[in-house]
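These notes concern the structure reproduced below.
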Amino acid sequence: MLKSIVGTRNYVAPEVLDTAEYKNTVDYWSMGVIAFELICGNLPFIPHQQLFNIVTNIRKKKEKCIAITEDFYENRYEFNDHMPFENRMSTVFLKSIEAWLSTALDQNYSTRGTRLSPVTMKRVLTFYSELDSILSQKVLTVFYLPTLTFYAYIVTPEMTLRNFRDIIKRDIGIENFICIFPTGHPRSELSHTYKPLDFFVEEWQDTRDANNPPVM
128 MLKSIVGTRN YVAPEVLDTA EYKNTVDYWS MGVIAFELIC GNLPFIPHQQ LFNIVTNIRK
188 KKEKCIAITE DFYENRYEFN DHMPFENRMS TVFLKSIEAW LSTALDQNYS TRGTRLSPVT
248 MKRVLTFYSE LDSILSQKVL TVFYLPTLTF YAYIVTPEMT LRNFRDIIKR DIGIENFICI
308 FPTGHPRSEL SHTYKPLDFF VEEWQDTRDA NNPPVM
């Protein structure tokens with residue numbers, strides 16, 4: 128256990144300021160705050176407030192809460208379990224990262240970064256393994272022309288083309304539809320022998336490159 132009160136406002140774990148006794152899980156907290164900021168452009172816990180109010184409200188939040196905002200009209204704080212609407216992440220990524228953030232931003236430093244194992248009923252460190260799993264996901268983005276809607280799907284080696292079409296059919300509510308590749312896709316044609324994973328293009332994940340299409 129360490130006792131020096133050091134850290135950067137809004138990024139430092141609450142126990143550093145509250146008790147001045149902490150361990151390496153302070154880094155999990157800071158990484159969670161940075162991840163939230165990268166996705167949303169904002170800090171998760173009422174950054175405009177005084178440090179006392181920030182820490183006080185963090186102490187009140189429940190395990191699944193990943194952000195605290197202020198309702199100026201109602202003059203109250205809101206505890207949020209989900210990312211704010213203002214982001215550019217796919218829905219499948221957000222669902223995974225929200226679950227990870229709930230462990231990274233656990234205000235209890237002794238359980239932070241862990242989950243309760245259903246087998247042993249003991250706390251197991253999942254901070255790194257969950258993040259690795261999220262970042263290794265293969266996500267296909269489908270654009271549905273009639274409604275100008277983007278859909279995102281995690282594809283695995285086991286998923287068949289029929290499985291993939293059934294999922295799309297469920298979401299768009301249309302029985303018969305035609306799939307086409309975007310211009311520049313390395314696959315020359317859509318064959319029934321392919322699996323959805325064959326449509327994934329690694330370099331197209333970088334949406335900062337204007338030459339990369341927004342769909343796969």
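Residue numbering for the sequence shown follows the numbering used here, beginning at 128 and increasing consecutively. Glycine residues also receive a C-beta, built at the ideal position from the N, C-alpha and C atoms. Keep in mind the model is a prediction, meaning the values are calculated, not measured.
Check                                                                                                                                                      : Outcome
Which parts of the segment 135–164 are runs of the alpha helix (DSSP H), unbroken and 4 residues or longer, counting only runs that do not cross its ends? : 141–145
To the nearest angstrom, how far is it from the Cα of Asn214 to the Cα of Asp233?                                                                          : 22 Å
Given a threshold of 16 other Cβ atoms within 10 Å of its Cβ, counted over all protein chains shown, does Met210 qualify as buried or as exposed?          : buried
Hey, Asp339 and Glu329 are a contact pair by Cβ (cut 8 Å); roughly how many whole angstroms apart?                                                         : The sequence shown places Asn at residue 339, rather than the Asp named in the question. Asn339 to Glu329, Cβ: 11 Å. No contact.
Our contact map puts Met343 next to Leu267 with C-beta atoms below 8 Å; I'd like the distance itself, whole angstroms only.                                : 5 Å
What would DSSP say about Asp208, mapped onto helix, strand or coil?                                                                                       : coil
Does the Cβ-Cβ distance between Leu272 and Lys322 come in under 8 Å?                                                                                       : no
I'd like the list of long-range same chain contacts for Phe254, defined as Cβ closer than 7 Å, with 5 residues on each side in sequence excluded.          : Tyr155, Thr230, Ala231, Gly240
Inspect the beta-carbon positions of Asn184 and Tyr204 and report whether they are closer than 8 Å.                                                        : yes
CA-CA distance, Ile173 and Leu258?                                                                                                                         : 25 Å
Measure the Cβ-Cβ separation of Val251 and Ser244 and say whether it is below 8 Å.                                                                         : yes
Let's see if you can read the secondary structure: which residues bound the alpha helix (DSSP H) around Ala337?                                            : Careful: Ala337 lies outside any alpha helix (DSSP H) and carries neither H nor E.
With Glu197 as the anchor, note down where its beta strand (DSSP E) starts and where it stops.                                                             : 194–198
Which runs of the alpha helix (DSSP H), 4 residues or longer, sit entirely within the segment 231–285?                                                     : 254–262
Residues in the same chain with beta-carbon distance under 6 Å from Phe291, minus the five sequence neighbours each way, listed in chain order, please.    : Pro323
Give the secondary structure of Arg215 by DSSP, where H, G and I count as helix, E and B as strand, and everything else as coil.                           : coil
With DSSP as the reference, identify every bridge partner of Phe172, one or two as the case may be.                                                        : Ile195
Which residues bound the alpha helix (DSSP H) around Asn180?                                                                                               : 178–187
Closest by CA to Gln177, which one among Asp333, Glu164, Arg136?                                                                                           : Arg136
Would you mind giving the Cβ-Cβ distance between Ala194 and Asn202, rounded to the nearest angstrom? I have them listed as a contact below 8 Å.            : That pair is no contact at about 18 Å.
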